[in-house]
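Structure first, then comments.
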Amino acid sequence: MGSESYAAFSGTSMAAPMVSGVAALIQSVAPKPLSIAETRTLITQHAQPFPKQPDHPLGSGILDATATVAAAKAGQIPATADFKCSQAVAGMLVTCADLSTARGFASIKSWAWNFGSSNSVEVVNTQSVNPTYDYEHPGIYNITLTTTDSTGAVSRVTRPFNVVAPESTDLSFDVNITIAAKANVMKFFKLDVPAGARILRVALSNRSSLESGTMYLRAGSPTTVNAPCVRAFASGSGAQCIMSSPAAGTYYVTVSPNTNLNDGVLYATYTP
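At position 95 of the sequence shown (counting the first as 1) the number is 95 in the UniProt record's numbering, and the numbers step up by one without a gap.
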């Protein structure tokens with residue numbers, strides 16, 4: 001046999017079989033089978049820190065097979081962060097279900113959620129919740145849940161989530177469009193405003209005094225978040241948004257009915 005030596009390897013192809021091997025060892029010695037999330041947490045909690053702190057995200061540290069397998073053999077079941085998210089049928093509202101577990105001796109004391117957008121902040125709760133977040137723009141966002149147990153041990157999981165823009169119906173200028181919608185199901189429309197427009201006007205008329213809801217108008221994204229024009233309609237009043245000197249681009253109209261909306265009429269025009 002040759003003498004011992006060290007070599008440097010990098011990449012997922014090198015790391016994956018090493019971590020998979022430790023995961024298999026965990027399951028082979030643990031008194032009770034661990035879930036995938038618990039196995040992940042046990043590995044990350046016993047990883048050794050990097051000798052030099054990386055200047056970019058690089059994982060939880062250096063795999064420590066000896067410490068991790070020893071913890072599993074001793075029956076350690078870590079409190080574990082886990083979740084699953086889904087997007088609403090209409091709009092870009094995302095709801096996450098907390099799937100965290102604490103089957104060992106330590107209970108979870110706090111849950112910290114971060115939805116990965118530039119406008120989101122980490123929200124810490126002292127009890128399990130299923131939070132929601134209304135995204136302003138479509139795209140892929142890294143959603144993170146961090147739990148801290150009664151001993152101070154941390155479990156963190158980050159998952160990418162693809163927020164899809166809702167389907168929008170094209171709206172032409174100076175053409176009435178009849179709309180119908182079910183209660184609490186938003187409808188989205190889009191129109192292209194040309195350069196040089198002085199006034200943009202969008203109006204919604206509803207015939208029934210029993211119908212109510214809200215109309216939103218904004219540029220750039222099909223969402224109600226940060227809409228500069230928000231108008232409620234009720235008792236047949238209708239709603240109207242007027243913008244002066246609108247910048248050229250795509251504008252979105254969102255109709256959010258509180259009740260069923262039948263034979264509503266949407267109309268858009270601009271003054272050049």
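Even for Gly, the Cβ is constructed at its ideal location relative to N, Cα and C.
Remember, predicted model here, so these are calculated numbers, not experimental data.
Same chain only: Cβ atoms within 8 Å of residue i, ignoring 5 sequence neighbours per side
i       : result
Ser-107 : Ala-79, Asp-149 and Ser-150
Val-164 : Gln-87, Met-92 and Pro-138
Val-69  : Val-22, Leu-25, Ile-26 and Val-29
Gly-236 : Asn-206, Arg-207, Ser-208, Ser-209 and Glu-211
Phe-233 : Leu-204, Asn-206, Glu-211, Ser-212, Gly-213, Thr-214, Met-215 and Ala-239
Pro-166 : Ala-90, Gly-91, Met-92, Met-186, Phe-188 and Pro-222
Pro-160 : Ile-140, Tyr-141, Asn-142 and Ile-143
Helix, strand or coil at residue i [DSSP, three-state]
i       : result
Ile-77  : coil
Ala-106 : coil
Val-175 : coil
Gln-240 : strand
Ala-70  : helix
Ala-234 : strand
Ala-90  : coil
Ala-65  : helix
Thr-169 : strand
Ala-183 : coil
Reference residue i; option with closest CA among the options
i           : options                               : result
Ser-221     : Pro-31, Gly-116, Gly-139 and Tyr-6    : Gly-139
residue 331 : Asn-184, Pro-257 and Met-215          : Beyond the ends of the chain as shown, which are 1 and 272, falls residue 331; an answer cannot be given.
His-137     : Ala-227, Thr-41 and Lys-187           : Ala-227
Arg-40      : Arg-198, Lys-52 and Ala-65            : Ala-65
Val-253     : Ile-62, Leu-204, Val-175 and Ile-199  : Leu-204
Ser-100     : Arg-201, Gly-152, Val-157 and Asn-162 : Val-157
Leu-191     : Ala-180, Ile-242, Val-154 and Ser-168 : Ser-168
Lys-187     : Cys-241, Gly-152 and Pro-257          : Pro-257
Arg-231     : Ser-245, Gly-59, Val-255 and Ala-153  : Val-255
Ser-118     : Glu-4, Gly-11 and Tyr-133             : Tyr-133
Phe-98      : Leu-145, Ala-8, Pro-54 and Ser-13     : Sequence check: residue 98 is Asp here, not Phe. Of the candidates Leu-145, Ala-8, Pro-54 and Ser-13, the one whose C-alpha sits nearest the C-alpha of Asp-98 is Leu-145.
Leu-42      : Asn-142, Val-202 and Ala-102          : Ala-102
Ala-153     : Val-225, Asn-260, Arg-198 and Gly-104 : Gly-104
Asn-162     : Lys-182, Tyr-135, Thr-147 and Ser-155 : Tyr-135
Beta-carbon gap between residue i and residue j smaller than 9 Å
i       : j       : result
Gly-213 : Ala-248 : no
Thr-178 : Asn-130 : no
Thr-172 : Ala-239 : Inspection of the sequence shows that residue 172 is occupied by Ser rather than by Thr. No.
Leu-217 : Tyr-270 : no
Val-175 : Pro-246 : no
Limits of the unbroken alpha helix (DSSP H) element including residue i
i       : result
Met-215 : No alpha helix (DSSP H) holds Met-215; the beta strand (DSSP E) holding it covers 212 to 219.
Thr-158 : Where Thr-158 is concerned, there is no enclosing alpha helix (DSSP H), although the beta strand (DSSP E) it sits in stretches over 154 to 163.
Thr-41  : 36 to 45
Bounding residues of the beta strand (DSSP E) (the contiguous stretch that carries residue i)
i           : result
Gly-264     : 261 to 271
Ser-86      : 83 to 87
Ala-15      : Per DSSP, Ala-15 belongs to no beta strand (DSSP E); it is in the alpha helix (DSSP H), 12 to 29.
Thr-250     : 249 to 257
Lys-190     : 187 to 193
Arg-201     : 199 to 205
Gly-139     : 139 to 149
Tyr-133     : 132 to 134
residue 289 : With the chain represented from 1 up to 272, any question about residue 289 goes unanswered, as that position is not in the structure.
is_contact[residue i, chain D] using C-beta, thresh 9 Å
i       : result
Ser-168 : The structure shown contains no chain D; it is built from a single protein chain.
Cutoff 6 Å; reference residue i; Cβ partners in own chain excluding five residues on either side
i       : result
Glu-122 : Ala-112 and Asn-114
Val-124 : Ser-110 and Ala-112
Gly-116 : Tyr-141, Asn-142 and Ile-143
Cβ shell of residue i (< 7 Å), same chain only, five flanking positions each side left out
i      : result
Thr-44 : Ser-60
Ala-47 : Ser-60, Gly-61, Ile-62, Leu-63 and Asp-64
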